[in-house]
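Encoded as C-alpha cells, the structure appears first; notes follow it.
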Amino acid sequence: MMLLSLKNIHVTRRNRVILDQVSLSLKEGEFIGLIGPNGAGKSTLMEVALGLLSFTGQSNLAQMGAAERARTAAYLPQAREIAWPVSVEDLVALGRIPWPGSGRSQNDAEAIDIAINRLGLQNFRKRTALRLSGGEQNRALIARALAQDTPLLLADEPAAGLDPAQQLACMGLFRDLAREGRGVLASVHDLGLAARYCTRLVLLAEKHVLADGVPEDVLTDAMLHRAFGIRVRRVQTPDGLAILPLPA
Ligand SMILES: Nc1ncnc2c1ncn2[C@@H]1O[C@H](COP(=O)(O)OP(=O)(O)OP(=O)(O)O)[C@@H](O)[C@H]1O
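Residue numbers are given in my numbering: position 224 of the sequence shown equals residue 987, and the series is strictly consecutive.
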C-alpha cells in the first residue's frame, strides 16, 4: 500500500526556489533514506509532506485532516525540543494524543511500554526528560513518535547526536519497523548507515531528486561527487557496505 505520495513539489522560501519538481512515493515495508548536502531541502520536504509549509504540488498527507494525518504519520522534527519538565513516560504518552483515550487506555499503555522498551529507556521512565543527555532526549522523542503507532514515520536525522551503538540501534529499529510493514522516511547524513540499513535511497540536490533507487545504484562515484563534492572509499564487510568519505 502506498503510504506517502508527493508529486511535483515546488517550494519557494524568501523568493528562493528550494525544491522544484520533486516527486517521491513510499510503500509499506520501505525504509527510505533521504540523503543530500546541507541545505538541499530534506527537512523542507518532510515539512511539506506533512502540510506544515506552503508549497505547490500534491502531498497525500497534507490533504488529510489533522486527526487522520496524526494517525497516519508520526514525525520526529530536526529540532529536538522538549517544552516542559515532564517525565519520559509522560513525554512518550503524548504520542497517544491522536487516539481515543488520549493516553489512558489499555492500548495506550501497551503502545507506551513497547516504545519505551524498543528505545531502551526502561531505566529512564520516571526521569524528567529535560534532565536527560541530548542523545537520551533524542531517544525519548523517537519513542514518542513510535508510541503514535502510525503506519508511516518521518524522521529528520534520527541518528544525529547518538553514540555509535545507539546509531546502529536506531537504524536497526527503523529497518525492523519497515520489515514489520510500516514505512519509514528518514534523513541520514552517514552514507554507510544509509547504505546498510535503508531499502531505498533518495538523493536530493540542486533542488531536485538526483537519484532514487537501491543504495548501490544511488551511491555511485559520479553522484556522490556531483552532490557532495567528495570521493569515497567503499569497504565490503560481513555486515554490509562501509563508506568512508574522502576529499575530492
Ligand atoms: N525558515 C526559513 N526561511 C527561509 N529559508 C529557509 C528557512 N529554513 C530553511 N531555509 C532554507 O531552505 C533550504 C533548505 O533547508 P533544509 O533545512 O530543508 O535543508 P536540509 O537538507 O534539511 O539541510 P541539513 O542537512 O543542513 O539539515 C536552505 O537553503 C535553507 O537555508
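By construction, the Cβ of each residue, glycine as well, lies at the ideal position given by its N, Cα and C atoms. This one's a predicted model, so the numbers in the text were calculated from it and none came from an experiment.
Have a look at the DSSP bridge pairing and note the partners of Arg938. As a working mapping, residue 938 is identified with position 175 in the sequence shown. For Arg938, which the question treats as bridged, DSSP gives no partner whatsoever.
Can you tell which of Leu917, Tyr838 and Leu813 has the C-alpha that lies nearest to the C-alpha of Gln826? As a position in the sequence shown, residue 826 is number 63, starting the count at 1. Closest option to Gln826, Cα to Cα, is Leu813.
Starting from the C-beta of Asn901, find all residues in its chain whose C-beta is less than 7 Å away, skip the five residues before and the five after it, and write them out in chain order. Your numbering for residue 901 matches position 138 in the sequence shown. Only Arg843, Gly924 and Leu925 meet the Cβ criterion.
Check whether the Cβ atoms of Gly950 and Leu797 sit closer than 8 Å, and answer yes or no. Taking the first residue of the sequence shown as 1, we reach residue 950 at position 187. Taking the first residue of the sequence shown as 1, we reach residue 797 at position 34. Residue identity differs from the one stated: residue 950 is Ser in this sequence, not Gly. Their beta carbons are under 8 Å apart, which means Ser950 touches Leu797 by this criterion.
Please list, in chain order, all residues of the same chain as Val785 whose beta carbon is under 6 Å from its beta carbon, the five residues on each side excluded. For the purposes of this step, residue 785 is taken as the residue at position 22 of the sequence shown. Closer than 6 Å at the Cβ level, and outside the excluded window around Val785, lie Ile772 and Val972.
Continuous beta strand (DSSP E) assignments of at least 3 residues falling wholly in the region 860-933: Every beta strand (DSSP E) of 3 residues or more that sits fully in the region 860-933 is shown, in chain order, as 915-919.
What is the chain-ordered set of residues for which the beta carbon lies under 5 Å from any non-hydrogen atom of ligand 1? With the criterion CB distance below 5 Å from any heavy atom of ligand 1, the matching residues run Arg776, Arg777, Ile781, Asn801, Gly802, Ala803, Gly804, Lys805, Ser806 and Thr807 along the chain.
Contact between the region 834-851 and the region 883-890: three or more CB pairs below 8 Å? yes
Could you name the residues of the same chain whose beta carbon sits closer than 6 Å to that of Ser806, not counting the 5 residues immediately before and after it, in chain order? As a position in the sequence shown, residue 806 is number 43, starting the count at 1. Excluding positions up to five away in sequence, the list reads Gln841 and Asp919.
Less than 8 Å between the C-beta atoms of Ile795 and Leu948, yes or no? The residue given as residue 795 occupies position 32 in the sequence shown. The residue given as residue 948 occupies position 185 in the sequence shown. Result yes, Cβ atoms of Ile795 and Leu948 sit closer than 8 Å.
Under 8 Å between the Cβ atoms of Arg997 and Leu1009? In the sequence shown, the residue the question calls residue 997 occupies position 234. In the sequence shown, the residue the question calls residue 1009 occupies position 246. No, the pair does not count as a contact, with Cβ atoms beyond the cut-off.
Of the residues Arg894, Leu884, Leu1004 and Ala928, the one placed nearest Leu909, counting alpha carbons only: The count along the sequence shown starts at 1 and reaches residue 909 at position 146. Of the candidates Arg894, Leu884, Leu1004 and Ala928, the residue whose Cα lies closest to the Cα of Leu909 is Leu884.
Put Thr807 into one of helix, strand or coil per three-state DSSP. Start at 1 with the first residue of the sequence shown, and residue 807 comes out as number 44. Three-state result, Thr807: helix.
Could you have a look at Met986 and say whether DSSP puts it in helix, strand or coil? Position 223 of the sequence shown, counted from the first residue, corresponds to residue 986. Of the three classes helix, strand and coil, the one that applies to Met986 here is helix, per DSSP.
The beta strand (DSSP E) with Val785 in it runs from where to where? For the purposes of this step, residue 785 is identified with residue 22 of the sequence shown, where counting begins at 1. Arg779 to Lys790 is the extent of the beta strand (DSSP E) around Val785.
Given a threshold of 16 other Cβ atoms within 10 Å of its Cβ, counted over all protein chains shown, does Pro927 qualify as buried or as exposed? By one-based count along the sequence shown, residue 927 stands at place 164. So Pro927 counts as exposed.
Counting Cβ pairs, one atom from each stretch, are 3 or more of them under 8 Å apart for the region 952-972 and the region 928-937? yes
In terms of residue numbering, what span does the beta strand (DSSP E) encompassing Leu769 cover? One-based indexing of the sequence shown puts residue 769 at position 6. It spans Met765 to Arg776 - the beta strand (DSSP E) in which Leu769 sits, taken as one unbroken run.
Whole angstroms is fine: what's the gap from Gly792's alpha carbon to Leu940's? For the purposes of this step, residue 792 is taken as the residue at position 29 of the sequence shown. For the purposes of this step, residue 940 is taken as the residue at position 177 of the sequence shown. Spanning the two alpha carbons is a distance of roughly 8 Å.
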